[in-house]
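The block underneath contains the structure these notes are about, expressed in structure tokens.
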Amino acid sequence: MSVREEFDAWAAEGRDKGMEDRHWHTAKQALARMPVEAGDTVLDLGTGSGYATRALRERDVGRAYGLDGAPEMARNARSYTDDGNVGFVVGDFGSLPFADDSIDHAFSMEAFYYSDDPIETLEELRRVLRPGGTFYCAVDFFEENTYSHGWQDTIEVDMTLWSKQEYRDGFRDAGFYVAEQDNLADRDVEIPPASEFPTEHYDTREDMVERYRVLGTLLTVGVAPE
Amino acid sequence: MSVREEFDAWAAEGRDKGMEDRHWHTAKQALARMPVEAGDTVLDLGTGSGYATRALRERDVGRAYGLDGAPEMARNARSYTDDGNVGFVVGDFGSLPFADDSIDHAFSMEAFYYSDDPIETLEELRRVLRPGGTFYCAVDFFEENTYSHGWQDTIEVDMTLWSKQEYRDGFRDAGFYVAEQDNLADRDVEIPPASEFPTEHYDTREDMVERYRVLGTLLTVGVAPE
Amino acid sequence: MKRDLMDIVCCPLDKHDLELDVDVEEDEVLEGTLTCTDCGETYPIEDGIPNLLPPDMRD
Amino acid sequence: MKRDLMDIVCCPLDKHDLELDVDVEEDEVLEGTLTCTDCGETYPIEDGIPNLLPPDMRD
Ligand SMILES: Nc1ncnc2c1ncn2[C@@H]1O[C@H](CSCC[C@H](N)C(=O)O)[C@@H](O)[C@H]1O
Ligand SMILES: Nc1ncnc2c1ncn2[C@@H]1O[C@H](CSCC[C@H](N)C(=O)O)[C@@H](O)[C@H]1O
Chain A
1 MSVREEFDAW AAEGRDKGME DRHWHTAKQA LARMPVEAGD TVLDLGTGSG YATRALRERD
61 VGRAYGLDGA PEMARNARSY TDDGNVGFVV GDFGSLPFAD DSIDHAFSME AFYYSDDPIE
121 TLEELRRVLR PGGTFYCAVD FFEENTYSHG WQDTIEVDMT LWSKQEYRDG FRDAGFYVAE
181 QDNLADRDVE IPPASEFPTE HYDTREDMVE RYRVLGTLLT VGVAPE
Chain B
1 MSVREEFDAW AAEGRDKGME DRHWHTAKQA LARMPVEAGD TVLDLGTGSG YATRALRERD
61 VGRAYGLDGA PEMARNARSY TDDGNVGFVV GDFGSLPFAD DSIDHAFSME AFYYSDDPIE
121 TLEELRRVLR PGGTFYCAVD FFEENTYSHG WQDTIEVDMT LWSKQEYRDG FRDAGFYVAE
181 QDNLADRDVE IPPASEFPTE HYDTREDMVE RYRVLGTLLT VGVAPE
Chain C
1 MKRDLMDIVC CPLDKHDLEL DVDVEEDEVL EGTLTCTDCG ETYPIEDGIP NLLPPDMRD
Chain D
1 MKRDLMDIVC CPLDKHDLEL DVDVEEDEVL EGTLTCTDCG ETYPIEDGIP NLLPPDMRD
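Residue numbers (the UniProt record's numbering), protein chains in the order written: chain A, 1 to 226; chain B, 1 to 226; chain C, 1 to 59; chain D, 1 to 59.
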């Protein structure tokens with residue numbers, strides 16, 4: 001199934017809003033770290049409901065664009081804001097429709113690993129970022145987070161399962177400098193008392209603590225060179 | 001008073017260890033984010049007891065060096081480890097005794113603002129870092145942290161009180177890319193119940209929460225360009 | 001889409017500039033077409049959203 | 001100091017290479033002198049720690 005079909009269906013079911021609620025717990029931490037300045041042009045890759053695009057705009061950037069490969073996602077995202085400096089574009093990670101050096105900073109949450117060819121996507125990002133621009137790449141689906149491995153079985157789009165080291169190496173292979181890597185703990189999700197385990201998803205309370213408070217969301221920050 | 005006199009006296013009084021205990025709460029968070037690789041050469045500026053130098057070495061870097069302007073600090077730091085790949089050097093922030101492009105990543109906790117000339121220090125760091133190398137600069141003494149402003153009265157070395165924005169601007173003026181800025185919350189310090197306030201340092205519990213859990217330690221990450 | 005998107009947008013295939021033809025415009029462009037000034041490929045703007053997927057991914 | 005520090009260390013004033021003269025060495029150099037190959041300035045190594053402060057900050 002194509003990205004378009006898979007995620008248009010998600011958008012139609014309203015799953016964009018559910019993702020927004022869950023992903024915000026750690027996405028807000030990554031967004032807060034971004035060195036954006038007033039007037040910057042920023043890009044949110046795989047924007048879904050567009051919450052990160054809207055949050056960046058609140059930091060007084062000049063223009064915030066959300067790109068998504070699923071037209072229904074972009075349509076939903078557009079309907080959640082009437083800020084004229086927020087815009088949505090349908091496009092694919094592998095062929096970004098932006099000019100060289102046209103973006104100051106880019107962000108992506110839980111979307112990068114759907115790319116058909118992650119190195120190509122990173123090269124495209126390097127091309128559109130101005131020298132010194134950053135790419136904040138946040139993912140919950142990564143090698144060390146074994147709790148996420150089963151997701152592929154429920155999604156028909158191929159997913160890339162990189163480790164922390166593979167994220168660093170991939171960024172460097174595509175010509176990025178790696179400035180930071182971190183596990184962002186989700187401190188907002190509620191973890192029930194031990195007596196309620198096993199739950200549907202976790203055998204023990206320790207597992208759920210490891211999943212959310214320790215592994216959390218993997219953030220890799222790349223900086224585009226000259 | 002010179003850095004040497006002021007901090008040699010601190011070292012003689014054992015204040016290096018007290019700082020280590022307190023600063024570790026947030027320094028460990030900054031250190032964990034650094035994208036160091038096995039074999040890297042790393043530098044800890046204003047190393048004090050050398051705890052950050054030792055912690056970096058534990059991440060399997062090739063060599064970790066701590067630089068300090070106070071010979072007694074370096075002497076103490078040296079006495080706390082016998083790892084042959086950890087070394088200490090007496091030197092000044094403004095005239096770093098390292099060759100161009102010789103350092104992969106640099107770190108500094110609660111020391112940068114003692115520099116005689118912070119822009120010159122940043123330029124020196126840019127010089128010694130290889131392209132793509134990072135400088136992780138962590139400070140508790142900054143404009144937004146009004147609780148820290150009184151410190152200057154107790155120290156005879158002149159301190160630079162920059163705001164978050166001034167840190168970003170200063171890094172850029174010295175030719176760094178700014179990759180990240182964050183307030184690292186100190187979640188380890190114990191905050192007494194409201195009934196115990198006012199304390200010696202805080203009028204209300206809210207003040208102490210703001211100081212540690214919100215303002216915390218200001219981290220600015222610079223990346224050296226080509 | 002706002003017209004200022006034209007400053008940074010380009011053809012996803014060959015990265016050349018696009019030309020804007022407007023069919024419906026209110027505060028922003030609601031319906032129209034973006035045409036690559038080099039390869040001539042066209043990209044629709046529908047309900048205010050430009051679809052800049054490579055043509056083979058469009059449907 | 002370990003001898004491999006020589007790979008990266010330089011004169012703090014003019015950034016030229018330093019020459020190492022060893023007085024006492026065990027696992028590492030404990031006492032000795034570093035001399036700038038350009039300006040001739042000397043820097044002491046005491047108790048295993050090189051003092052590379054600019055000379056006017058040394059005392
Ligand atoms: N190759 C690709 N090109 C463009 N968008 C893609 C894509 N692969 C996946 N996407 C989009 O990426 C999104 C992933 S879901 C995550 C949405 C949002 N960032 C959030 O945090 O909730 C979907 O909206 C999907 O349509
Ligand atoms: N201009 C300068 N050059 C070199 N070292 C300096 C300096 N100004 C201050 N320092 C050193 O910086 C240290 C600041 S205290 C902080 C020590 C340690 N990083 C910690 O987190 O606990 C002192 O050891 C002091 O000697």
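A virtual CB, placed ideally from N, CA and C, is assigned to each residue, including glycine.
Nonlocal neighbours in the same chain, by C-beta distance under 6 Å from residue i, ignoring five residues either side
i: C/Glu19; result: Thr35, Thr37
i: A/Asp101; result: Arg130
i: A/Thr217; result: Thr26, Ala138, Asp140, Leu184
i: D/Pro12; result: Leu52, Pro54
i: D/Asp14; result: Asp38, Cys39
i: B/Val223; result: Thr134, Tyr177, Ala179
i: A/Leu56; result: Val42, Ala64
i: A/Asp8; result: Ala70, Glu72
i: B/Leu219; result: Ala30, Ala138, Asp182, Leu184
i: B/Ala60; result: Correcting the residue identity first, residue 60 of chain B is Asp in this sequence and not Ala. Cβ neighbours of B/Asp60 beyond the five flanking positions: Ala38.
i: residue 227 of chain B; result: Residue 227 of chain B lies beyond the residue range present for chain B, which begins at 1 and ends at 226; the question has no answer from this structure.
Chain-ordered chain B contacts of residue i [CB-CB under 7 Å]
i: D/Cys10; result: Pro97, Phe98, Ala99
i: A/Val223; result: Tyr177, Ala179, Val223
Cross-chain neighbours of residue i in chain B, by beta carbon under 8 Å
i: A/Pro35; result: Arg168, Val178, Ala179, Glu180, Gln181
Nearest candidate by alpha-carbon position, reference residue i, set the options
i: A/Val221; options: B/Val90, B/Tyr114, B/Ser115, B/Gly132; result: B/Gly132
i: C/Leu52; options: A/Tyr147, A/Phe107, A/Gly94, A/Ser148; result: A/Gly94
i: A/Leu96; options: A/Asp117, A/Asn76, A/Asp173; result: A/Asp117
i: C/Thr33; options: C/Tyr43, C/Cys39, C/Glu25; result: C/Tyr43
i: C/Asp17; options: C/Asp7, C/Glu46, C/Glu26; result: C/Asp7
i: A/Arg63; options: A/Ile103, A/Phe112, A/Ile155, A/Leu161; result: A/Ile103
i: A/Ser163; options: A/His149, A/Gly175, A/Asp153, A/Ala174; result: A/His149
i: B/Lys28; options: B/Met1, B/Phe107, B/Tyr80, B/Phe98; result: B/Phe107
i: B/Glu124; options: B/Gly175, B/Ala194, B/Tyr147; result: B/Gly175
i: B/Asp169; options: B/Phe98, B/Glu226, B/Ile119, B/Arg75; result: B/Ile119
i: A/Asp82; options: A/Arg54, A/His201, A/Ser195; result: A/Arg54
i: B/Leu142; options: B/Leu122, B/Gln165, B/Tyr202, B/Arg126; result: One detail in the question is off: residue 142 of chain B reads as Phe in this sequence, not Leu. Among B/Leu122, B/Gln165, B/Tyr202, B/Arg126, the Cα nearest to that of B/Phe142 belongs to B/Gln165.
i: B/Val189; options: B/His23, B/Thr204, B/Ile155, B/Thr199; result: B/His23
Cβ-heavy atom distance, residue i to ligand 1, below 7 Å
i: A/Phe135; result: no
i: A/Gly87; result: no
i: residue 236 of chain A; result: In this structure chain A extends from 1 to 226, so residue 236 of chain A is not present and cannot be described.
i: A/Leu67; result: yes
i: B/Ala224; result: no
i: A/Glu13; result: no
Partners in chain C for residue i, counting only beta-carbon separations shorter than 8 Å
i: A/Val157; result: By Cβ distance, chain C contributes nothing, its closest Cβ being about 12 Å from A/Val157, past 8 Å.
Residue i: CB within 7 Å of a non-hydrogen atom of ligand 2
i: B/Thr47; result: yes
i: B/Val3; result: yes
i: B/Glu20; result: yes
i: B/Gly170; result: no
i: residue 229 of chain A; result: Residue numbering for chain A in the displayed model covers 1 to 226; residue 229 of chain A lies beyond these limits and cannot be assessed.
i: B/Glu123; result: no
i: B/Phe141; result: no
i: B/Phe93; result: yes
i: B/Met159; result: no
i: B/Ala70; result: yes
i: A/Phe98; result: no
Own chain residues within Cβ distance below 8 Å of residue i, not counting five before or after
i: B/Arg78; result: Gly50, Phe88
i: D/Glu28; result: Met1, Lys2, Arg3, Gly48
i: C/Pro50; result: Met1, Leu5, Val9, Leu34, Tyr43, Pro44
i: residue 228 of chain B; result: Chain B is shown from 1 up to 226; residue 228 of chain B falls before or after that span and cannot be answered.
i: A/Val214; result: Asn183, Ala185
i: A/Val3; result: Gly69, Ala70, Asp92, Tyr114, Val157
Contacts of residue i in chain A (Cβ-Cβ under 8 Å)
i: C/Asp27; result: Gly84
Contacts of residue i in chain D (Cβ-Cβ under 9 Å)
i: B/Val89; result: Met1, Leu5, Val9, Ile49, Pro50, Asn51, Leu52
i: B/Arg78; result: Asp47, Gly48, Ile49
i: B/Arg4; result: Leu53, Met57, Arg58, Asp59
Range covered by the beta strand (DSSP E) that runs through residue i
i: B/Tyr177; result: 177-184
i: A/Leu129; result: 129-139
i: C/Pro44; result: 42-46
Span of the alpha helix (DSSP H), counted from its first residue to its last, around residue i
i: residue 229 of chain A; result: Outside the displayed span of chain A (1 to 226) sits residue 229 of chain A, for which this structure offers no information.
i: D/Asp21; result: Note, D/Asp21: premise wrong, no alpha helix (DSSP H); beta strand (DSSP E) at 18-25.
9 Å Cβ cut-off: residues of chain A touching residue i
i: B/Thr41; result: Correct list: empty, because the minimum Cβ distance to chain A is about 16 Å.
Interface residues of chain A facing residue i [CB-CB closer than 7 Å]
i: C/Leu13; result: Ser95
i: B/Ala32; result: Asp182
Beta-carbon proximity list for residue i, same chain, < 7 Å, skipping 5 on both sides
i: B/His105; result: Met34, Val36, Asp40, Val42, Gly133, Thr134
Partner residues on chain C for residue i, Cβ-Cβ distance less than 9 Å
i: A/Ala74; result: Ile49, Asn51
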